[in-house]
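Colleague: Structure incoming, see below.
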Amino acid sequence: MNPKGYFVDWPYNAPEPLRWYYMIYLSFWFQSIDFMLNITNKHYVVKRKDNAEMLLHHFATISLMIFSYSYDLTRIGMCVLMIHDVNDLLLETAKIFVYLNWENTANILFGIFAVAWFIVRWAFYGYNILYSVYTEAYDSIVEPIMKNGSYGGYPASVWYWFWVVFSSFLGLLLVLHIFWGVLIVKMIVRTLQVGSVEKDIRSDSEADEDEDEEPVKTAASGPAAAPDSKVKRRRAPKAD
Numbered sequence: 001m002n003p004k005g006y007f008v009d010w011p012y013n014a015p016e017p018l019r020w021y022y023m024i025y026l027s028f029w030f031q032s033i034d035f036m037l038n039i040t041n042k043h044y045v046v047k048r049k050d051n052a053e054m055l056l057h058h059f060a061t062i063s064l065m066i067f068s069y070s071y072d073l074t075r076i077g078m079c080v081l082m083i084h085d086v087n088d089l090l091l092e093t094a095k096i097f098v099y100l101n102w103e104n105t106a107n108i109l110f111g112i113f114a115v116a117w118f119i120v121r122w123a124f125y126g127y128n129i130l131y132s133v134y135t136e137a138y139d140s141i142v143e144p145i146m147k148n149g150s151y152g153g154y155p156a157s158v159w160y161w162f163w164v165v166f167s168s169f170l171g172l173l174l175v176l177h178i179f180w181g182v183l184i185v186k187m188i189v190r191t192l193q194v195g196s197v198e199k200d201i202r203s204d205s206e207a208d209e210d211e212d213e214e215p216v217k218t219a220a221s222g223p224a225a226a227p228d229s230k231v232k233r234r235r236a237p238k239a240d
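Here full-length UniProt numbering is used: the first residue of the sequence shown is 1, the next is one more, and so on.
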């Protein structure tokens, strides 16, 4: 993960296993959008308070993967995926222990997750990924093309704007990381107040609130007043 090594000897051909990994990962992100928008998913209604932010995140991620795959930027693309996987693994593991009622283990893992989030997705991502694209990618790719006037049949202006768009999507991910970091701080405060991790703050959705309020509504209105619906609700899974 050397910032200067991401763009050395560009363009370069990624090995076949890495390209397959990209395709599998990309299919996951498309499936996540399908799940959130209920396009083919007709059995569950998924509502999240951060639904718009999640969709924006998925759109940016898919765009970055397509760009990096198409223009041989898979080195930095793989690093971005790995950075996200670190936190996702810790979060999902902590949630497993929440469901098992192992509160102490869940609290410890959530603490590690929170620390890793700020180190990896704020500091490391901001400097190692975003700053390297802003500086090293320009020096190694854009500037030489600007001097030559064109590359690969495209004028230098096209490559310049590709760099601008690519950097902007990476910057958008950092903004979303900061947004979710604020939610993590709120969850830490809540955890300190109640003494245990209750749920993933990113799954703090309208559907969860409906589930919490349903027993009260049923008791007040009686069983006959409960709506007859076959559509189930469940907490949206992590799709980050």
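Beta carbons are placed, not taken as given, at the ideal position from N, Cα and C, and that holds for glycine.
Comparing alpha-carbon positions, which option in Thr191, Ala137, Ala106 and Asp85 lies nearest Asp72?
Modeller: Start at 1 with the first residue of the sequence shown, and residue 72 comes out as number 72. Residue Ala137 is the option with its Cα nearest to Asp72.
Colleague: Judging by CA-CA distance, which residue of Ile83, Leu55, Trp117 and Gly77 is the nearest neighbour of Asp34?
Modeller: Within the sequence shown, residue 34 is the residue found at index 34, counting from 1. Per the Cα distances, Leu55.
Colleague: Taking 8 angstroms as the cut-off, does the region 143-150 touch the region 7-20 (at least 3 CB pairs, one atom from each stretch)?
Modeller: With a cut-off of 8 angstroms, the region 143-150 and the region 7-20 do not count as touching, because too few Cβ pairs lie within range.
Colleague: Grouping DSSP H, G and I as helix and E and B as strand, with all else coil, what is Pro11?
Modeller: Stepping through the sequence shown from its first residue, residue 11 is reached at position 11. Coil.
Colleague: If distances are taken between C-alpha atoms only, which option among Phe113, Val182 and Ile141 comes closest to Met50?
Modeller: Within the sequence shown, residue 50 is the residue found at index 50, counting from 1. Sequence check: residue 50 is Asp here, not Met. Of the listed residues, the one whose Cα sits closest to Asp50 is Val182.
Colleague: For Pro155, which three-state DSSP category applies?
Modeller: By 1-based counting over the sequence shown, the position of residue 155 is 155. Looking at Pro155 - three-state DSSP - the assignment turns out to be strand.
Colleague: Under the rule that 16 or more other beta-carbon atoms within 10 Å means buried, what is Lys95, buried or exposed?
Modeller: Stepping through the sequence shown from its first residue, residue 95 is reached at position 95. Lys95 is buried by the Cβ-count criterion.
Colleague: Since Trp10 and Ile145 are thought to touch, with beta carbons under 8 angstroms apart, how far apart are those beta carbons, to the nearest angstrom?
Modeller: On the sequence shown, position 10 is the one that residue 10 refers to. On the sequence shown, position 145 is the one that residue 145 refers to. Not quite, the Cβ-Cβ distance comes to about 10 angstroms (not below 8 angstroms), so this is no contact.
Colleague: Would you kindly work out how many angstroms separate the C-alpha atoms of Pro3 and Thr40, rounded to a whole number?
Modeller: For the purposes of this step, residue 3 is taken as the residue at position 3 of the sequence shown. For the purposes of this step, residue 40 is taken as the residue at position 40 of the sequence shown. Looking at the two C-alpha atoms, the distance is approximately 40 angstroms.
Colleague: Buried or exposed: where does Ser32 fall if 16 or more other Cβ atoms within 10 Å of its Cβ makes it buried?
Modeller: Start at 1 with the first residue of the sequence shown, and residue 32 comes out as number 32. That one is buried.
Colleague: What number of angstroms, rounded off, separates the C-alpha of Tyr6 from the C-alpha of Ala123?
Modeller: Locating residue 6 in the sequence shown gives position 6, where the first residue counts as 1. Locating residue 123 in the sequence shown gives position 123, where the first residue counts as 1. Approximately 18 angstroms, taken between the alpha carbons.
Colleague: Nearest to Glu53 by CA position, among Arg75, Tyr21 and Met36, is which residue?
Modeller: Numbered from 1 along the sequence shown, position 53 holds the residue referred to as residue 53. Ranking Arg75, Tyr21 and Met36 by Cα distance to Glu53 puts Met36 first.
Colleague: Can you check whether the CB of His58 is closer than 8 angstroms to the CB of Trp29?
Modeller: Reading the sequence shown from its first residue, position 29 is the one you call residue 29. Reading the sequence shown from its first residue, position 58 is the one you call residue 58. The answer is yes: Cβ separation under 8 angstroms.
Colleague: Taking 8 angstroms as the threshold (C-beta atoms), are Leu81 and Tyr25 in contact?
Modeller: Sequence index remark: in the sequence shown, residue 25 carries index 25 (1-based). Sequence index remark: in the sequence shown, residue 81 carries index 81 (1-based). A contact, by the Cβ cut-off of 8 angstroms.
Colleague: For the alpha helix (DSSP H) that contains Thr93, what are its first and last residues?
Modeller: Position 93 of the sequence shown, counted from the start, is the residue given in the question as residue 93. Residues Thr74 to Tyr99.
Colleague: Can you give me the start and stop residues for the alpha helix (DSSP H) that Ile62 sits inside?
Modeller: Taking the first residue of the sequence shown as position 1, residue 62 is located at position 62. That run of the alpha helix (DSSP H) goes Asn51 to Ser70.
Colleague: Following a CB-centred definition, is Arg121 positioned closer than 7 angstroms to any heavy atom of the ligand ADP?
Modeller: For the structure depicted, the ligand ADP is absent and the ligand set is empty, with no information on it obtainable.
Colleague: Spell out the partners DSSP gives Ser150 in its beta bridges.
Modeller: In the sequence shown, the residue the question calls residue 150 occupies position 150. Answer by DSSP bridge pairing, in chain order: Pro155.
Colleague: At a cut of 8 angstroms, does the region 155-167 reach the region 108-128 through at least three beta carbon pairs?
Modeller: With a cut-off of 8 angstroms, the region 108-128 and the region 155-167 do not count as touching, because too few Cβ pairs lie within range.
Colleague: Judging by CA-CA distance, which residue of His177, Thr191 and Leu173 is the nearest neighbour of Ile62?
Modeller: Indexing the sequence shown from 1 puts residue 62 at position 62. Comparing Cα positions, the closest option is Leu173.
Colleague: Could you check whether Ile76 and Val120 sit closer than 8 angstroms to each other, using their CB atoms as the reference points?
Modeller: The residue you call residue 120 lines up with position 120 of the sequence shown. The residue you call residue 76 lines up with position 76 of the sequence shown. Not in contact: Val120 and Ile76 (Cβ atoms no closer than 8 angstroms).
Colleague: Leu170 and Val133 look like a contact to me (Cβ under 8 angstroms); what is the Cβ gap, rounded to whole Å?
Modeller: The sequence position of residue 170 within the sequence shown is 170, counting from 1. The sequence position of residue 133 within the sequence shown is 133, counting from 1. Their Cβ separation, rounded to whole angstroms, is 6 angstroms, which keeps Leu170 and Val133 in contact under 8 angstroms.
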